[in-house]
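Below is one structure, written out as structure tokens; the observations come after it.
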Amino acid sequence: MMQKDKEQYNVKQIQPFLAEGAEEHFFQIMQGYNRMMAYYRCAIMEVETKFNVLNEEFSLQHDRNPISGIKSRLKSLPSIREKMDRKGLEFNLQNVEKELNDVAGVRVICSFVEDVYLLADALLKQDDITLLEKKDYIAHPKENGYRSLHLIVTVPIFLEHEKRIMKVEIQLRTIAMDFWASLEHQICYKKDFEFTEIMAKELYECAQLSADLDTRMDNLRSQVDLQK
């Protein structure tokens, strides 16, 4: 679940992101930033609720839960600024909402590969969800072996006096995929560390093993289902 502590930034933290001489506008900028992040938190809660409802319904129909766990995160201010710089965009709240798709992220960990697609299809059939982008790294893994289904969607949040449409990045993957991706991130993203070709090959082979585990577990589940 998303961490409950809300990011609050003091003058020293946010000052590097302000134009020279704009310190007097700090409180307005901070208020706007915190409001925007609150909207993204609401969007995350909406998406999490949708998946929890689907999980509950699936358990009633099929006597098992397709979702092993749900994780979520909000992109930090330094990460947002870094990505805006890479895109060559001015750092302001309007550009963040318009240009970035992954400020709010939800990761759904599924039991089986089939569950990934069942849940994605069920979510996208809901009339208040709009699909902006889909990348299927399960059918077409990345060169390093990474597998996951990525969706960029919009979801409405209903506030006291308005409705806002927010973007959320959703990653759906199996337990095996998540195991590999989590450890790959820890191994590869250490500072001042040279990642060798031999290590990359070993990681890729581990990704292939995790894919094989998914296939074998899917086959076992199918055999069990046939005996019911």
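Take the sequence shown: its letter number 31 is residue 1004 in our numbering, and every next letter is one higher.
Backbone N, C-alpha and C fix where the C-beta goes; we use that ideal spot for every residue, glycine too.
Pairwise C-alpha distance: Leu1104 and Ile1130: 16 Å
In or out: Lys1140 buried (at least 16 other Cβ within 10 Å) or exposed? buried
Spell out whether any CB of chain D is found under 8 Å from the CB atom of Glu1021. Protein chain content of the structure displayed is limited to a single chain, and chain D is not contained in it.
Does the segment 1115–1123 come close enough to the segment 1038–1057 to have 3 or more Cβ pairs within less than 8 Å? no
Work out the CA separation of Cys1179 and Trp1153 for me, nearest whole Å. 7 Å
In angstroms, rounded to a whole number, what distance separates the CA positions of Lys1060 and Lys1201? 54 Å
How about Cys1083 and Arg1037: are their beta carbons less than 8 Å apart? no
In the DSSP assignment, find the beta strand (DSSP E) that holds Ala1077 and state where it starts and stops. Ala1077 to Cys1083
Terminal residues of the alpha helix (DSSP H) in which Arg1194 lies: Glu1170 to Leu1199
Based on Cα-Cα distance, which residue from Asp1075, Ala1011, Lys1174 and Val1026 lies nearest to Val1126? Asp1075
Can you give me the Cβ contacts of Asp1100 inside the same chain, cut-off strictly under 8 Å, excluding the 5 residues immediately before and after it? none
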